[in-house]
Amino acid sequence: MESRILWLYSPYLHLFSWALSAHIFLAIAQRSTYIVHLDKTLMPNVFADHHHWHTSTIDSIKASVPSSVDRFHSAPKLVYSYDNVFHGFSAVLSRDELSALKKLPGFISAYKDRTVEPHTTYTSDFLKLNPSSGLWPASGLGQDVIIGVLDGGIWPESASFRDDGMPAIPKRWKGICRPGSQFNTSMCNRKLIGANYFNKGILANDPTVNISMNSARDTDGHGSHCASIAAGNFAKGVSHFGYAAGTARGVAPRARLAVYKFSFDEGTFTSDLIAAMDQAVADGVDMISISFGYRFIPLYEDAISIASFGAMMKGVLVSASAGNRGPSAGSLGNGSPWILCVAAGYTDRIFAGTLTLGNGLKIRGWTLFPARAFVRDSTVIYNKTLASCNSDELLSQVSEPQNTIIICDDSNSPSWDVFSQIFYVTRASFRAGIFISEDSGVFRDASFPYQGVVIDKKKGKQVINYVKNSVSPTASITFQETYVDQEWPSPVLAETSARGPSRSYSGIAKPDIMAPGVLILAAIPPNIFSESIQNIALSSDYELKSGTSMAAPHAAGVAAMLKGAHPEWSPSAIRSAMMTTANHLDSSQKPIREDDNMVATPLGIGAGHVNPNGALDPGLVYDATPQDYINLICSLNFTEEQFKTFARSSANYDNCSNPSADLNYPSFIAFYSFSEEGNYTWLEQKFRRTLTNVGKGGATYRVKIETPKNSTISVSPQTLVFKEKNEKQSYTLTIRYIGDDNASKVGSITWVEKNGSHSVRSPIVVTSTIAVWGTDD
């Protein structure tokens with residue numbers, strides 16, 4: 001008590017304590033971690049090994065540099081000893097201690113430690129997957145879970161498909177490694193456990209066609225890329241022409257891969273697709289990833305939907321891409337209730353070049369110029385007339401373009417994008433280009449065949465002002481730079497990612513979830529065209545690609561690991577765990593946005609961005625049985641033939657005694673009809689849901705509601721009490737709403753565990769028919 005009174009009433013003691021704390025802080029702040037290189041040949045013989053030498057070196061520094069504040073100034077500290085990649089150590093040192101170190105025998109060099117940026121198939125880092133906690137160790141990195149990838153085949157020689165560290169193939173596996181053109185059975189291994197191909201549909205369409213690659217071998221890169229994203233093994237030292245360099249690995253790097261090729265250069269037919277999925281289920285895959293789809297097709301004619309329904313009935317979850325026809329509403333494919341439909345988003349990684357102006361100002365710009373090159377001290381020009389960069393005649397007026405950097409501004413030519421400007425600037429033989437643009441399409445495209453950078457309008461003004469106010473403006477550009485963890489929020493929804501709901505079935509809000517899908521580094525065949533510079537074709541064995549095609553295998557990899565960690569979970573439970581734990585906020589803790597900076601809705605991002613570690617322990621899940629899906633089909637007013645395409649038998653058709661479109665799903669959507677007159681009436685829709693406790697024991701949850709605009713939401717009961725694991729509790733949600741325009745309104749319902757860590761969130765969408773279908777429907 002005395003010390004408290006003394007502190008409260010003695011301003012002198014308070015001032016002394018503050019000064020002492022500041023002194024300690026300054027002393028610590030003066031220290032840094034240094035990487036120190038030593039010449040091992042100069043290690044004295046008295047030391048038994050390098051670690052002994054390093055420890056002694058630090059001890060000698062302690063003795064030679066006495067601290068001026070002994071009680072508070074921490075001593076130099078050895079962090080690591082190195083003796084393989086180079087010889088030396090890392091240590092925490094003050095400037096004086098570093099100076100003393102430089103005088104010791106064997107010293108070569110030292111430099112400050114800096115933050116290590118992950119430059120890999122980086123999405124496993126972005127998804128917070130790590131080997132020490134969460135979903136990776138809980139699932140053994142997906143070990144022994146089998147992912148079936150239905151696509152355009154595989155390049156088996158890729159490092160991503162090696163079986164280093166993989167145990168024996170699971171005995172339950174029933175598939176084959178089918179030989180064919182440039183593909184034999186020895187190309188399968190403990191990672192790539194199956195390879196098959198299906199092209200009878202192509203031959204049936206045209207018996208005279210010659211299948212140029214009549215095997216499971218990939219010829220265009222799409223299949224290998226998707227397979228390595230889902231479950232590629234660790235592949236060191238890869239990059240996209242120097243960008244994203246590092247170790248590539250799939251989401252589930254120890255999962256098994258079974259590849260089913262149904263897409264060929266000669267065609268892609270539904271019959272082959274169904275055969276591939278049919279065989280995959282028969283072979284015993286646990287999960288299917290497919291990055292193909294249809295547009296505006298009736299549900300009963302959608303082969304992917306039909307085959308996925310059959311897979312779900314056998315306990316196999318299908319992860320499928322939403323499509324790349326965004327941002328139009330209702331553009332989404334693969335929106336069936338039994339498919340995990342995946343949207344595509346950006347990560348926080350950018351690829352860059354540094355523009356250095358003659359006045360020393362450095363500006364980071366976007367580029368993927370595929371070469372180790374630089375532009376040094378070249379003249380920069382800006383002319384508002386020339387800045388459209390869309391005319392051979394105008395650009396030809398510039399003398400000595402080969403020594404000149406030209407500034408192009410797409411605001412001077414709104415109908416011209418950066419790639420159109422690159423075409424003309426290349427033809428005019430300019431040394432390089434500075435492209436002022438905020439077109440989001442630039443940042444999704446891996447093709448950048450010209451030595452230049454893209455900068456935004458704010459940075460563009462800085463460059464233009466420098467050029468206008470300099471007698472001899474110059475600039476330099478360096479390339480092959482990769483940065484992560486940027487200041488701007490992430491993730492961001494890609495404009496091209498298709499928007500829901502599904503036109504074939506709008507009763508469920510789709511997509512379900514968003515996953516990384518923009519400029520994802522993964523394996524491709526090394527013998528295909530990847531990029532070009534001045535008509536010189538370049539190839540690589542890893543490439544950056546964008547699209548929901550890349551997002552679907554990310555989700556499949558996560559789902560596979562959840563299956564490995566929870567083998568008893570149904571496809572519906574796995575999807576629910578992924579949806580209710582998804583992140584609907586970005587890194588700034590604000591709602592996720594689209595790449596035009598508009599706030600994204602669940603019709604773009606679903607429940608949010610996938611959160612693998614959260615999905616491992618969701619607390620509660622919305623489960624659904626095969627009969628629940630049959631009841632949904634019963635509610636669709638299908639003919640008997642249409643019904644049987646899904647349910648397979650007349651017996652099920654005759655047994656539609658309990659048809660229900662109110663599927664036990666982790667999201668809600670309600671529609672109203674748009675009225676040009678504005679005479680809206682209040683509507684009401686009720687939903688019944690059942691939650692299953694998958695936590696470790698009993699738990700109590702209370703509801704938290706975020707109400708959409710112009711709506712009221714009531715939930716009964718508002719508290720759910722679970723006495724034990726696997727117990728079920730039901731509730732009713734009622735949305736009462738009125739429309740006032742054609743915009744979608746969004747909200748959510750979250751079940752929050754009392755005295756616990758679980759939050760189980762479901763998005764709510766209230767939208768008008770015109771917002772989804774437009775005026776022509």
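Following the UniProt record's numbering, the numbering of the sequence shown begins with 1 at its first residue and continues without gaps.
Think of the CB as a built atom: it goes at the ideal place given N, C-alpha and C, for glycine as much as any other residue.
Please read all numbers here as calculations on a predicted model, not as lab measurements.
Handout entry: Rounded C-alpha distance that separates valine 558 from glutamate 706
Key = Straight-line measurement puts the Cα of glutamate 706 at about 28 Å from the Cα of valine 558.
Looking at C-alpha atoms only, which residue of Ala515, Ile524, Val463 and Ala245 is the closest neighbour of valine 251? Comparing alpha-carbon positions, the option among Ala515, Ile524, Val463 and Ala245 lying closest to valine 251 turns out to be Ala515.
Notebook entry, point to check: Between the beta-carbon of glycine 345 and the beta-carbon of histidine 609, is there less than 8 Å?
Noted result: Going by C-beta atoms, glycine 345 is nearer than 8 Å to histidine 609.
What separation, rounded to the nearest whole angstrom, lies between the Cα atoms of proline 763 and glutamate 495? Proline 763 and glutamate 495: Cα-Cα distance of roughly 21 Å.
| request: Return the first residue and the last residue of the alpha helix (DSSP H) that alanine 600 is part of. | output: From DSSP, alanine 600 is part of no alpha helix (DSSP H); its letter is neither H nor E.
Quiz item: Where do the ends of the beta strand (DSSP E) carrying residue 781 lie?
Solution: The chain is shown only over 1 to 777; residue 781 falls outside these bounds and no answer can be derived.
*asked:* Taking 8 Å as the threshold (C-beta atoms), are leucine 357 and tyrosine 466 in contact?
replied: Against a cut-off of 8 Å, the Cβ pair of leucine 357 and tyrosine 466 comes out as a contact.
Nearer than 7 Å: is that true of the beta carbon of valine 715 relative to any heavy atom of the ligand NAD?
Ligands in the displayed structure: none, and consequently the ligand NAD is not present.
* To do: Take proline 449 as the anchor and find which of Thr548, Val765, Asp206 and Phe423 has the nearest alpha-carbon.
  => When only C-alpha atoms are compared, the closest one is Phe423.
Quiz item: What separation, rounded to the nearest whole angstrom, lies between the Cα atoms of arginine 254 and leucine 620?
Solution: Computed Cα separation, rounded: 27 Å.
Pairing CB atoms from the stretch 296-305 with CB atoms from the stretch 265-278, are three or more of them under 8 Å? In short, these stretches touch, since the Cβ pair count reaches three.
Check your understanding: Alpha carbon to alpha carbon, what distance is there between isoleucine 735 and alanine 670?
Key -> The alpha-carbon of alanine 670 is positioned some 8 Å away from that of isoleucine 735.
Inter-residue Cα distance where the pair is isoleucine 520 and cysteine 656 = Just so you know, the alpha carbons of isoleucine 520 and cysteine 656 end up roughly 45 Å apart.
Excluding the 5 residues flanking aspartate 512 on each side, which residues of the same chain have their C-beta closer than 6 Å to its C-beta? Same-chain partners within the cutoff: Leu340, Cys341, Met579 and Gly606.
Between His54, Asn205, Trp338 and Ser378, which has its C-alpha nearest valine 92's C-alpha?
Checked all of His54, Asn205, Trp338 and Ser378; the closest Cα to valine 92 is His54.
Residues that DSSP places opposite histidine 37 in a beta bridge: Its beta-bridge partners are Gly88 and Ser109.
Worksheet item: Buried or exposed: glutamate 531, going by 16 or more other Cβ atoms within 10 Å of its Cβ?
Response: Per the 10 Å Cβ criterion, buried.
- Task: Note the first and the last residue of the continuous beta strand (DSSP E) segment covering cysteine 634.
- Result: Segment 626-634 is the alpha helix (DSSP H) holding cysteine 634; no beta strand (DSSP E) there.
Worksheet item: Name the DSSP bridge partner or partners of tyrosine 483?
Response: Answer is Ile350.
Tryptophan 338 bridges to which residues according to DSSP? According to DSSP, residue pairing for tryptophan 338 in a beta bridge does not occur.
| query | How about phenylalanine 292 and isoleucine 202: do their beta carbons lie closer than 8 Å? | reply | No, the pair does not count as a contact, with Cβ atoms beyond the cut-off.
Out of Pro44, Asn597, Ile274 and Tyr629, state which residue places its alpha-carbon closest to the alpha-carbon of serine 490. Considering only Pro44, Asn597, Ile274 and Tyr629, the residue with the shortest C-alpha distance to serine 490 is Asn597.
Problem - Contacts around valine 760, its chain only, beta-carbon distance under 6 Å, and the 5 residues preceding and following it disregarded - result: A distance below 6 Å between beta-carbons, with the five flanking residues on each side excluded, links valine 760 to the following residues of its chain, in chain order: Thr580, Gly619, Leu620 and Trp751.
Within a Cβ cutoff of 8 Å, which residues of the same chain sit near cysteine 188, ignoring the five residues on either side of it in sequence?
Excluding its 5 nearest sequence neighbours in each direction, cysteine 188 has C-beta neighbours in its own chain below 8 Å: Pro156, Cys177, Gly194 and Ala195, listed in chain order.
* To do: Using three-state DSSP, classify phenylalanine 668 as helix, strand or coil.
  => If DSSP states are grouped into helix, strand and coil, phenylalanine 668 belongs with the strands.
### Message
Here's the rule: buried if 16 or more other CB atoms are within 10 angstroms of the residue's CB, otherwise exposed. What is arginine 372?
### Response
By the neighbour-count criterion, in which a residue is buried when 16 or more other Cβ atoms sit within 10 angstroms of its Cβ, arginine 372 is exposed.
Go through its chain and collect everything with a Cβ distance to glutamine 480's Cβ below 7 Å, but skip five positions before and after it. Same-chain partners within the cutoff: Gly242, Tyr243 and Arg372.
* To do: Could you name the residues that DSSP lists as bridge partners for lysine 704?
  => Paired residue(s): Thr750.
- Could you give the DSSP three-state label for histidine 584: helix, strand or coil? In this structure, histidine 584 counts as coil in the three-state DSSP scheme.
Query raised in the report: By Cβ distance below 7 Å, which residues in the same chain neighbour glycine 180 in space, the five residues on each side in sequence not counted?
Result: Taken in chain order, the residues that qualify are Tyr197, Asn214, Ser215 and Ala216.
> What's the C-alpha gap between alanine 551 and glycine 517?
Replying inline: Taking the Cα positions, alanine 551 is about 4 Å away from glycine 517.
query: Quick check: the stretch 531-549 against the stretch 129-139, are there 3 or more CB pairs under 8 Å?
result: Contact between the stretch 531-549 and the stretch 129-139 is absent, because fewer than three Cβ pairs lie under 8 Å.
Does DSSP classify tyrosine 9 as helix, strand or coil? Since pLDDT at tyrosine 9 reaches only 27, below the 50 mark, its modelled position is unreliable, and no value is offered.
_Exposure of aspartate 628, with buried meaning 16 or more beta-carbon neighbours within 10 Å_ = Here aspartate 628 is buried: its Cβ has 16 or more other Cβ atoms, across all protein chains shown, within 10 Å.
- Three-state secondary structure (DSSP) of valine 145: In this structure, valine 145 counts as coil in the three-state DSSP scheme.
Complete alpha helix (DSSP H) runs within the stretch 548-573 (minimum length 4 residues, chain order) | Whole alpha helix (DSSP H) segments, 4+ residues: 548-565.
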